[in-house]
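Numbering (this note's numbering), first residue to last: 23 to 397. Backbone N, C-alpha and C define an ideal beta-carbon position, used for all residues, glycine too. What you are looking at is a predicted structure, and each value in this text was computed from that prediction instead of being measured. Structure, as structure tokens:
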């Protein structure tokens, strides 16, 4: 057991430092998770930093909840760099962002375009910070989320990283978004994108849904179901579980293949966006009595039921963009521009105007390839 613990410590050192320099490791405070909020009292940022707790690993001891820090390090500055320098004055170890894995952005920061752009610019230009860091948004305080993450994993701070590695694909209500991808999406769509949403609850951290941005600023949130609709549109719905009621039986279908195709036509001076979804899944009965519902004569009815459910879910998600936010949060107009510059130019060159007026024709094809019964 002691040998296993020593090997584990060596692996952690390599993961965090990329070298065998133990002295360097001891001299630095490795920040794994960082929350960024807009300060209430002035034009500054409030950073909440969650460093890896390496002391317990070096001693070979298990960290207990009683030993875990209740809160991260909170510092203020008019830039990330200034706040980090402030943090250094409170620590005997130099704060280091070279192993940063996750950044949470608070709602008040996201609501103000100039502050979000400034933070993203600094994250991109910082040579210590990887372009592969995971970004999330919250409707509340980023600091509260970081503190909740610490309660889940105080030693390594890799709770979010592990979630996206191990769990996210099985729930299909969120997707991993790294800094490089987020910046590319924003630049291609003049500031529109959807951040994965994180929420600090009494039960712990919840990851699901989305934070919608337009023109580099917060415009609203997406529920788990709405984000699931976005993922289905983007061919990233694998893992989603969709439930339907058929003859008083609850039938869950697990999506294991998701294809999506968008193309545009024009009819009577009306732009039409055709959405074709192809879903393959595995359905399960809810009881022993439901075995007969999976006879071949009933299978088409069940597939049709799921087609109606998914079509409604997609249309509700599209309506969110068209009628509530009136913004092209899905970047559909970029696809129009790629497919037909003539139609793009004819219908106004303005993404938000186009998205409000385009007619969506949604068609869904569901095939149930495997069948099981839950006793």
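Alpha-carbon spacing of residue i relative to residue j, whole angstroms
i: residue 169; j: residue 244; result: 23 Å
i: residue 167; j: residue 57; result: 8 Å
i: residue 184; j: residue 248; result: 24 Å
i: residue 210; j: residue 52; result: 33 Å
i: residue 96; j: residue 246; result: 30 Å
i: residue 225; j: residue 74; result: 23 Å
i: residue 330; j: residue 100; result: 51 Å
i: residue 278; j: residue 258; result: 10 Å
i: residue 102; j: residue 147; result: 11 Å
i: residue 377; j: residue 236; result: 13 Å
i: residue 290; j: residue 342; result: 25 Å
i: residue 140; j: residue 370; result: 30 Å
i: residue 238; j: residue 364; result: 27 Å
i: residue 104; j: residue 217; result: 26 Å
i: residue 70; j: residue 294; result: 46 Å
i: residue 348; j: residue 115; result: 48 Å
i: residue 222; j: residue 188; result: 20 Å
Residue i in three-state terms, based on DSSP
i: residue 97; result: strand
i: residue 243; result: strand
i: residue 389; result: strand
i: residue 384; result: strand
i: residue 118; result: strand
i: residue 238; result: coil
i: residue 65; result: coil
i: residue 351; result: coil
i: residue 374; result: helix
i: residue 111; result: coil
i: residue 292; result: strand
i: residue 369; result: coil
i: residue 279; result: strand
i: residue 189; result: coil
i: residue 165; result: helix
i: residue 151; result: coil
i: residue 159; result: strand
i: residue 145; result: helix
i: residue 184; result: helix
i: residue 196; result: coil
i: residue 298; result: strand
i: residue 261; result: coil
i: residue 306; result: strand
Contact under 8 Å by Cβ, residue i with residue j
i: residue 388; j: residue 325; result: yes
i: residue 133; j: residue 204; result: no
i: residue 276; j: residue 327; result: no
i: residue 200; j: residue 156; result: yes
i: residue 124; j: residue 219; result: no
i: residue 346; j: residue 231; result: no
i: residue 319; j: residue 392; result: no
i: residue 352; j: residue 195; result: no
i: residue 386; j: residue 273; result: no
i: residue 299; j: residue 332; result: yes
i: residue 321; j: residue 390; result: yes
i: residue 250; j: residue 282; result: no
Chain B contact for residue i (CB, 8 Å cutoff)
i: residue 376; result: Of the protein chains in the structure, only one exists, and it is not chain B.
Minimum C-alpha distance to residue i - residue among the options
i: residue 119; options: 55, 385, 287; result: 55
i: residue 233; options: 306, 173, 130; result: 130
i: residue 213; options: 374, 391, 390; result: 374
i: residue 61; options: 150, 75, 164; result: 164
i: residue 72; options: 242, 366, 270, 174; result: 174
i: residue 154; options: 186, 171, 391; result: 186
i: residue 379; options: 180, 354, 141; result: 354
i: residue 98; options: 63, 330, 344, 202; result: 63
i: residue 206; options: 115, 95, 143; result: 143
i: residue 399; options: 348, 287, 384, 349; result: The requested residue 399 is not part of the displayed model; the chain covers only 23 to 397.
i: residue 122; options: 135, 236, 104, 152; result: 152
i: residue 127; options: 158, 107, 108; result: 158
i: residue 110; options: 141, 385, 49, 208; result: 49
i: residue 383; options: 296, 321, 337; result: 296
i: residue 137; options: 59, 198, 322, 108; result: 59
i: residue 323; options: 350, 171, 266, 356; result: 266
Where residue i falls, given that 16 or more other Cβ within 10 Å makes a residue buried
i: residue 381; result: exposed
i: residue 215; result: buried
i: residue 280; result: buried
i: residue 67; result: buried
i: residue 82; result: Confidence at residue 82 is low in this model, with a pLDDT of 44, below 50, so the placement of that residue should be treated as unreliable; the coordinate-derived value is given next. Exposed, by the Cβ-count rule.
i: residue 335; result: buried
i: residue 94; result: buried
i: residue 112; result: exposed
i: residue 368; result: exposed
i: residue 292; result: exposed
i: residue 372; result: exposed
i: residue 361; result: exposed
i: residue 339; result: buried
i: residue 150; result: exposed
Residue i Cβ short of 7 Å to the ligand SAM heavy atom set
i: residue 245; result: Inclusion of the ligand SAM in the displayed structure is not the case, the ligand content being empty and no account of it being possible.
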